[in-house]
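Trainee:
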Amino acid sequence: MEKLILRRVDRNNEEMLLNFGPQHPSTHGVLNFLVETDGEVMKRAIPDIGYLHRSLEKIGEMVGYPGFMPYTDRIDYVAAMFANEGYALAVERLLKIEAPPRAQYLRAISCELCRIASHLVSVGTMATDIGAVTPLLHAIRERETVNDLIEALCGARLTYNYHRIGGVAYDLPAGWSDRALRFLDHFDTLIQEWDRLISFNEIYVRRLASVAVITREDAIDYGLVGPNLRGSGVDWDLRRDAPYGAYRDFAFAVPVAHGYRGTEGDCFDRYYVRVQEMAESAKIVRQALEKIPAGEITAKVPRKPKPEPGEAQSRVESARGEMAYYVVSDGTERAWRVRARTGSFLAMGIIEKVSRGLMVADLVALIASLDVVAPETDR
Amino acid sequence: MDKTAFAFPKKSTARLLVAATLAVALGLPGALFAGVLFLTPLTQRPMLDALVRDQLGRDPATWGGTQLVYALAFVVTAFVLFNFGAIFGGIFSWLERRVAGRMQSRIGPNRVGAAGFLQWLADAVKLLFKEDLVPADADSLLFRIAPYFVVTGFALTLVALPFGESLILADLGVGIFYISAVTALVVVGILLCGWASNSKWALFGGMRSAAQVVSYEIPAGLAIMTPVLMAGTLSMQGIIRAQGGWPWEWFLFRNPAALVAFFIFFTAQLAEGNRTPFDLPEAESELVAGYMTEYSGFRFALFFLVEWGNLWVMAAVAVTLFLGGWQIPGLGAAQWAAWRGASGFPPALWWVMQLVSLLWFSLKTLTLVGVIMWIRWTLPRIRVDQMMNLCWKYLVPAAFACFLFTLLWQLLVGTAPGVEVVTGVVLFVLGVVVLALFARQTRQNIALVAGDKVDFSNW
Chain A
7 MEKLILRRVD RNNEEMLLNF GPQHPSTHGV LNFLVETDGE VMKRAIPDIG YLHRSLEKIG
67 EMVGYPGFMP YTDRIDYVAA MFANEGYALA VERLLKIEAP PRAQYLRAIS CELCRIASHL
127 VSVGTMATDI GAVTPLLHAI RERETVNDLI EALCGARLTY NYHRIGGVAY DLPAGWSDRA
187 LRFLDHFDTL IQEWDRLISF NEIYVRRLAS VAVITREDAI DYGLVGPNLR GSGVDWDLRR
247 DAPYGAYRDF AFAVPVAHGY RGTEGDCFDR YYVRVQEMAE SAKIVRQALE KIPAGEITAK
307 VPRKPKPEPG EAQSRVESAR GEMAYYVVSD GTERAWRVRA RTGSFLAMGI IEKVSRGLMV
367 ADLVALIASL DVVAPETDR
Chain B
169 MDKTAFAFPK KSTARLLVAA TLAVALGLPG ALFAGVLFLT PLTQRPMLDA LVRDQLGRDP
229 ATWGGTQLVY ALAFVVTAFV LFNFGAIFGG IFSWLERRVA GRMQSRIGPN RVGAAGFLQW
289 LADAVKLLFK EDLVPADADS LLFRIAPYFV VTGFALTLVA LPFGESLILA DLGVGIFYIS
349 AVTALVVVGI LLCGWASNSK WALFGGMRSA AQVVSYEIPA GLAIMTPVLM AGTLSMQGII
409 RAQGGWPWEW FLFRNPAALV AFFIFFTAQL AEGNRTPFDL PEAESELVAG YMTEYSGFRF
469 ALFFLVEWGN LWVMAAVAVT LFLGGWQIPG LGAAQWAAWR GASGFPPALW WVMQLVSLLW
529 FSLKTLTLVG VIMWIRWTLP RIRVDQMMNL CWKYLVPAAF ACFLFTLLWQ LLVGTAPGVE
589 VVTGVVLFVL GVVVLALFAR QTRQNIALVA GDKVDFSNW
């Protein structure tokens, strides 16, 4: 049977059809793009998703409520903490409980560290996609330190499984705060170094500025979220505008791009919003470590929770933007439906529109600037 | 930890390893340098004639074996020179990976031999054993011969490349013209393999390469005209002889246009050698591996051999044209002639000085190779339209302006020779100041991120 997506390709014209993926160095996982090109200029790029579909939402209906937590890690393994948090929040709402304050702070600390780790991967791979390999290695080096911190906190470096329904799994280990603060001090100078090394490199800026512009209206119409939305000049961040958990207690800025170097909504804007967000995340971690209250780290939750029939949803500001969970209970110990709404899937939608008339090299920049992570797209 | 689980290598093994590595690391380049040092002057025709006359006791003009001696000498020299390119290409592949590792806060290859020096040999052996795969839909013949065009284009440049005062295989009257002409063969090979692979990525790479190399030949050719006008000759040795040993006697500083022309030429060379920021033909994040996507085994190794071997050629040509070549400070042509003595076999001191000039030239060349590597691991890649813009809108007009300026400059120098000395000293001092400022800025940048760490424990 012919693949449905191929029916969308116009076979009767002069353009060359290029399979950009699924095994390609710059597709950030197994993504495929059907690219119609006329030489170096693309007519359009059609995203072809589904190569990494693992039926995670269906699994959510088969295992119990607490049992699904490790699976959420796999929804977005570059920023697993947010997937944990979103699911925990949704089930807590279903059970009508709330995590204790200390747990909420621990969630904020772990999530913001995870945001730093995720954005480091994003900006690092972006530099590599533009052809500069060295910045990636520098970013990965710093991410290792973040991973060490998170490992000390929860024992895992990638798929954390740290959050629990009603709290978190472990308290801060002894001496952890000092270690984290040492890293944060170091990290502030690193962002300056990063700017000198790559952000304001003339070639880099020229490759990204005014390329693949997404207007404010398009960003809203296509449902872009998170840094991609703010990169198009829309000032919207759930942590500030619909605060959850401990975020009410922190003072932080929300970086919004209005054309740092080129047009509003270009690749450089989306890139640089992320660089600035890392600095803001570092601020949040600092404040959280300072203000963290003493107390319990989990609420009282039965071993096999059976929420009353009903539905609940949660939204968290993930590294890739707004991540929403929708959980329906039928009164048994298994969810009747679990649904995750993710940023990368939404970002994939706009690629076909923006890619028209770009060059092949710009497609790479566009994918990298949208920070598309394949498992999050397909789940 | 269970100490029996992991046994450190015995001390003697490590020592043997270091000895073996040192033997290869010093022996191979040493043998190559010695080969170049002795073979290039000895295979010149007067020297061979003298050999036939003095050692074999025959008259070179009438003895039939003379032609055989000529042929033998050229075969041996060609062998040594090609190996010079190939082995330095291999060593550069190791060096580049170590340099990249240092710049990227990682170690780089350090397993095979001491400091990983033998890695390039291991890689070459591995690639030799790999299957030589020809895709089913590829144009088999063109696919197979394409790498040899690339290798030929590279190997032929070594013929006219100077190594020292008398160390050049053929000091052609059209030396620099010959070099830029044979370098163009490389693009034929790349275009062939892009087309013959029957792969869309390879085609993209081949087309990009053709556009890039052909375009950048023009600013490179125009920039070459500046030193050629200043020297009044196309011969590589002639261009070097027109310069001096001291930096202010180099063409780079003697003429403001030459300074500009040097940067144009260097940029164009990076583009012709497919080096970052002009590595578009093999841009791995866009085109997978560009024109060599479908290649494997030995043919794949040939592309990389040429890529790294070209580093030496690129740097050596730039050193020849702008940086004074092998000229040793304070030594004039008269001094060289005095050491050479009358005809016949040159005395030992002359050979020693040839070696010094060879090492001096290599030092300059290797420094420039370091700069090329440094650029590669620092800069991102430009886009194909920007690459064209840069060439046609900026480099070509600028190179042409340099050419015209140099014409007028030479008229001025003809009437007032002192102006060259003044410009040389002033520009040299400016260059030193710029370098000092750059070094200071770098030190400040390093201090800002809590210093640099050098860790030899895992070297």
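Which chain is which? The protein sequence lines are A and B, in order. Mapping the first sequence onto the working numbering, position 268 (from 1) lands on 274, and the numbers just tick up by one. Mapping the second sequence onto the working numbering, position 321 (from 1) lands on 489, and the numbers just tick up by one. C-beta: ideal position from N, C-alpha, C; glycine also. Everything numeric in this text was worked out from a predicted model, so none of it was measured.
Can you find the residues in the same chain that come closer than 8 Å, C-beta to C-beta, to B/Leu547, ignoring five residues on each side of it along the sequence?
Mentor: Excluding sequence neighbours, B/Leu547 sits near Thr444 and Pro445.
Trainee: Could one say the Cβ of B/Val622 lies closer than 8 Å to chain A's Cβ atoms, at least one of them?
Mentor: No, B/Val622 lies away from the interface with chain A (no Cβ there is under 8 Å from its Cβ).
Trainee: Counting C-beta neighbours from all protein chains within 10 Å, is the total for B/Ile614 16 or more, i.e. buried, or is it exposed?
Mentor: When all chains shown are included, B/Ile614 counts as exposed.
Trainee: Kindly indicate if chain A contains any beta-carbon less than 8 Å away from that of B/Asn613.
Mentor: Closer than 8 Å: yes.
Trainee: Just to confirm my understanding: we take A/Asn153, look at its own chain, exclude 5 residues before and 5 after, and list those with CB closer than 7 Å. What are they?
Mentor: Closer than 7 Å at the Cβ level, and outside the excluded window around A/Asn153, lie Ala123 and Arg163.
Trainee: Identify the contact partners of A/Met87 in chain B, using a Cβ-Cβ distance below 9 Å as the criterion.
Mentor: Correct list: empty, because the minimum Cβ distance to chain B is about 26 Å.
Trainee: So, using beta-carbon positions, are A/Glu302 and A/Arg147 closer together than 8 Å?
Mentor: No. Outside cutoff.
Trainee: Whole angstroms is fine: what's the gap from A/Asp135's alpha carbon to A/Arg213's?
Mentor: Spanning the two alpha carbons is a distance of roughly 11 Å.
Trainee: Quick one: any contact between the region 219-237 of chain B and the region 264-282 of chain B, if contact means 3 or more CB pairs under 8 Å?
Mentor: In short, these stretches do not touch, since the Cβ pair count stays below three.
Trainee: For A/Ala330, which option in A/Gly229, A/Val129, A/Thr304 and A/Asp336 has the closest C-alpha, if you only look at C-alpha atoms?
Mentor: When only C-alpha atoms are compared, the closest one is A/Gly229.
Trainee: Counting only Cβ pairs nearer than 9 Å, list the residues of chain A close to B/Arg265.
Mentor: Residues of chain A passing the Cβ test: none, with the nearest at roughly 12 Å.
Trainee: Distance check for B/Thr394 and A/Lys359, CA to CA, integer angstroms please.
Mentor: Taking the straight line joining both Cα atoms gives about 49 Å.
Trainee: Alpha carbon to alpha carbon, how far is B/Gly640 from B/Asn442?
Mentor: Absent from the structure is residue 640 of chain B, since the part of chain B shown begins at 169 and ends at 627.
Trainee: Counting C-beta neighbours from all protein chains within 10 Å, is the total for A/Arg309 16 or more, i.e. buried, or is it exposed?
Mentor: With fewer than 16 other Cβ atoms within 10 Å, it is exposed.
Trainee: Please list, in chain order, the chain B residues whose beta carbon lies closer than 8 Å to that of A/Gly271.
Mentor: The premise fails here: A/Gly271 is roughly 19 Å from chain B at the closest Cβ pair, so nothing lies under 8 Å.
Trainee: Examine chain B for any beta-carbon lying closer than 8 Å to the beta-carbon of A/Val2, and answer yes or no.
Mentor: The structure shown does not extend to residue 2 of chain A, since chain A spans only 7 to 385, so no value can be given for it.
Trainee: Throw me the rounded Cβ distance for the A/Gly271 and A/Gly237 pair, which I believe falls under 8 Å.
Mentor: 6 Å between Cβ atoms; contact.
Trainee: Does the pairing of the region 57-67 of chain A with the region 316-328 of chain A give three or more beta-carbon distances under 8 Å?
Mentor: With the cut-off at 8 Å, the region 57-67 of chain A and the region 316-328 of chain A do not touch.
Trainee: Taking the beta strand (DSSP E) that A/Gly316 belongs to, which residues open and close that run?
Mentor: First-last of the beta strand (DSSP E) with A/Gly316: Gly316 to Ser324.
Trainee: Under a CB-based cut-off of 8 Å, is A/Asp377 close to chain B?
Mentor: So, not an interface residue.
Trainee: From A/Asp241 to A/Gly73, what distance separates their C-alpha atoms?
Mentor: If you take the alpha carbons of A/Asp241 and A/Gly73, they lie about 36 Å apart.
Trainee: Roughly how many angstroms lie between the CA atoms of B/Arg549 and A/Gly35, to the nearest whole one?
Mentor: Roughly 22 Å separates the two Cα atoms.
Trainee: Could you check the C-alpha separation between A/Ala367 and B/Gln380 for me, to the nearest Å?
Mentor: Their Cα atoms are separated by approximately 15 Å.
Trainee: Which residue's Cα is closest to the Cα of B/Val524: B/Val537, B/Met398, B/Gly413 and B/Ser377?
Mentor: Among B/Val537, B/Met398, B/Gly413 and B/Ser377, the Cα nearest to that of B/Val524 is on B/Gly413.
Trainee: Quick check on this structure: which residue in A/Ala96, A/Val127 and A/Asp177 has the alpha carbon closest to the alpha carbon of A/Ser116?
Mentor: Closest by alpha carbon: A/Asp177.
Trainee: Give the interface partners of B/Ser273 over in chain A, defined as CB-CB distance under 8 Å, in chain order.
Mentor: Those are Leu143, His144 and Arg147, listed as they occur along chain A.
Trainee: Name the two residues that bound the continuous beta strand (DSSP E) containing A/Pro53.
Mentor: Note, A/Pro53: beta strand (DSSP E), Val47 to Asp54.
Trainee: Using only CA atoms, which one of B/Leu335, B/Glu333, B/Ala328 and B/Ser334 lies nearest to B/Phe345?
Mentor: For B/Phe345, the nearest C-alpha among the options comes from B/Ala328.
Trainee: Looking only at C-alpha atoms, which of B/Trp288, B/Leu249, B/Phe606 and B/Trp363 sits nearest to B/Pro303?
Mentor: Nearest option by C-alpha distance: B/Trp363.
Trainee: Just the chain A side, please: which residues come within less than 8 Å of B/Phe447 by C-beta, in chain order?
Mentor: For clarity, residue 447 of chain B is Asp in the given sequence; the question names Phe instead. What B/Asp447 touches in chain A: Gly137.
Trainee: Where B/Phe421 and B/Leu359 are concerned, what is the direct C-alpha to C-alpha distance, given to the nearest angstrom?
Mentor: Using only the alpha carbons, I get a separation of about 38 Å.
Trainee: Indicate the three-state DSSP secondary structure (helix, strand or coil) for A/Gly414 in the structure shown.
Mentor: Outside the modelled stretch of chain A, which goes from 7 to 385, sits residue 414 of chain A, for which no answer is possible.
Trainee: Taking the DSSP output, what are the residues bridged to A/His169?
Mentor: Answer is A/Val174, bridged to A/His169.
Trainee: Helix, strand or coil: how does DSSP classify A/Asp44 here?
Mentor: DSSP places A/Asp44 in strand when its eight states are reduced to three.
Trainee: How would you write the range of the beta strand (DSSP E) that A/Leu24 sits in, first residue to last?
Mentor: A/Leu24 -> beta strand (DSSP E) spans Met22 to Phe26.
Trainee: Mapping DSSP to helix, strand and coil, what is A/Phe39?
Mentor: Three-state result, A/Phe39: strand.
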